[in-house]
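According to our numbering, the sequence shown is numbered sequentially starting from 4. Where a beta carbon is used, it is the ideal one built from N, C-alpha and C, also for glycine. For reference, the structure discussed in these notes is given below.
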Amino acid sequence: MRQKDRFRIKRITGLLVMVSVLVMIAGCSLFPKEEEVIAPPVVKPKPPTYNLHEVKRGDIIRAVNGTATFQSSKEYSLFYKTDGRLKEINVKVGDSVKKGDILVSLDAEDLETAIKQQEFALEKIKLTINHFKNQERKILKQDPNADTSDLKYQINLNQIERKSIEYTLNKLKERMNNTKLVSPIDGRVVFVADLSEGDVVRPYQKIVTVADPNNLELVMEYKQNSPTAIVTGMKAEIEINDEIYAGEVIGTPADIPEGTDDRYKNLLILSIEEQPEGIKVGDMASVSIIIQKKDNVIKIPKQAVREYLGRKYVQILEGEVKKEVDIEVGIESATEVEVIKGLEEGQQVILR
Numbered sequence: 004m005r006q007k008d009r010f011r012i013k014r015i016t017g018l019l020v021m022v023s024v025l026v027m028i029a030g031c032s033l034f035p036k037e038e039e040v041i042a043p044p045v046v047k048p049k050p051p052t053y054n055l056h057e058v059k060r061g062d063i064i065r066a067v068n069g070t071a072t073f074q075s076s077k078e079y080s081l082f083y084k085t086d087g088r089l090k091e092i093n094v095k096v097g098d099s100v101k102k103g104d105i106l107v108s109l110d111a112e113d114l115e116t117a118i119k120q121q122e123f124a125l126e127k128i129k130l131t132i133n134h135f136k137n138q139e140r141k142i143l144k145q146d147p148n149a150d151t152s153d154l155k156y157q158i159n160l161n162q163i164e165r166k167s168i169e170y171t172l173n174k175l176k177e178r179m180n181n182t183k184l185v186s187p188i189d190g191r192v193v194f195v196a197d198l199s200e201g202d203v204v205r206p207y208q209k210i211v212t213v214a215d216p217n218n219l220e221l222v223m224e225y226k227q228n229s230p231t232a233i234v235t236g237m238k239a240e241i242e243i244n245d246e247i248y249a250g251e252v253i254g255t256p257a258d259i260p261e262g263t264d265d266r267y268k269n270l271l272i273l274s275i276e277e278q279p280e281g282i283k284v285g286d287m288a289s290v291s292i293i294i295q296k297k298d299n300v301i302k303i304p305k306q307a308v309r310e311y312l313g314r315k316y317v318q319i320l321e322g323e324v325k326k327e328v329d330i331e332v333g334i335e336s337a338t339e340v341e342v343i344k345g346l347e348e349g350q351q352v353i354l355r
């Protein structure tokens, strides 16, 4: 009995093992197969791109650039030599005037009264002189040998008085004329003092300035302590309405004598060879004063030059290789640099 039980147990155990194996095999067949891992494609990096400039030869100009204004080379400032009270100013800036036009007047009411009084006195003395002369003629007509010395004395005395009155009258009229400022030329008003009727005018106070529009020059602001020295005689290029005209520096702050109006102490004065038609006082022009010029030199844009601790260098591209090259520079313009040493024509420099 025991032997049969053992046999039965072994048999059952064997069957259970077989069933377990079959279940495992069947279960494995239910799971999906793993996909094979595909390697990612190899991406080649793009070569870097540069903003390149080919090294070339050409002309380079070192210049001082600015904006200049046309003004008259002949200006007449009008003023009074004595004080007075303003009556009226008849012009404003920009007005055209003719020679002899009255531009400014002072209050001269007292002078007008004094002139009238002297004119009356002159008429009176003339009548007195004529009266004595008529008396003398009548007496001599009746008696050619009559003594008329008293009448002659009265005539001479009144003649002296007449001269005194005429002298005073002329002086008063001269003073009256001096209360008016008249234009010395046909021109244009470029300055008028900020004064109103009744204001006191000081001796030698500038009231009006008249400019000759036919004699123009250019003025440009320039600081005398500038590191770039500009001297009389330097050539200039003057641009007006997209046209270029030749010019020349004819005055610098260093040329201005002591005591000159302060407004000229920081100005350059330039002449223009052929003044274009239609130009007037106050018009503007672009000016380039040539300090130094070189022809047919190796030059590159300023954007290509790099600096580090006083070292000047550029980056160049040879094939696909970037290199640094030290350079020695010469004159500089606003946008370009002359290269004295370090580069050759045809090389490609990398711009910043």
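Rounded C-alpha distance that separates residue i from residue j
i, j, result
"residue 48", "residue 324", "15 Å"
"residue 256", "residue 165", "57 Å"
"residue 219", "residue 96", "17 Å"
"residue 232", "residue 274", "18 Å"
"residue 349", "residue 311", "25 Å"
"residue 343", "residue 64", "15 Å"
"residue 98", "residue 161", "50 Å"
"residue 76", "residue 288", "16 Å"
"residue 85", "residue 114", "14 Å"
"residue 67", "residue 326", "34 Å"
"residue 184", "residue 106", "6 Å"
"residue 171", "residue 138", "29 Å"
"residue 54", "residue 190", "57 Å"
"residue 127", "residue 157", "14 Å"
Per DSSP, the bridge partner or partners of residue i
i, result
"residue 288", "71"
"residue 110", "Answer is none; residue 110 lacks a bridge partner."
"residue 194", "212"
Burial state of residue i, where buried means 16 or more other Cβ atoms lie within 10 Å
i, result
"residue 317", "buried"
"residue 1", "Lying before the first or after the last residue shown, residue 1 is absent from the chain, which here runs from 4 to 355."
"residue 203", "exposed"
"residue 51", "exposed"
"residue 73", "buried"
"residue 313", "exposed"
"residue 4", "Low confidence applies to residue 4: its pLDDT is 49, below 50, so where it sits in the model is not reliable enough to give any reading."
"residue 250", "buried"
"residue 208", "exposed"
"residue 339", "buried"
Terminal residues of the beta strand (DSSP E) in which residue i lies
i, result
"residue 245", "Where residue 245 is concerned, there is no enclosing beta strand (DSSP E), given that its DSSP letter is neither H nor E."
"residue 344", "339-344"
"residue 318", "314-321"
"residue 329", "324-329"
"residue 311", "309-311"
"residue 184", "183-185"
"residue 351", "351-353"
"residue 80", "78-81"
"residue 275", "270-275"
"residue 222", "219-224"
"residue 92", "87-92"
"residue 57", "55-57"
Endpoints, alpha helix (DSSP H) assigned at residue i
i, result
"residue 152", "152-180"
Neighbour flag for residue i against chain B, beta carbons, 7 Å
i, result
"residue 157", "Within the model displayed, chain B is absent; a lone protein chain is all it includes."
Beta-carbon proximity check, residue i vs residue j, cutoff 7 Å
i, j, result
"residue 109", "residue 200", "no"
"residue 334", "residue 341", "yes"
"residue 56", "residue 352", "yes"
"residue 195", "residue 79", "no"
"residue 270", "residue 234", "no"
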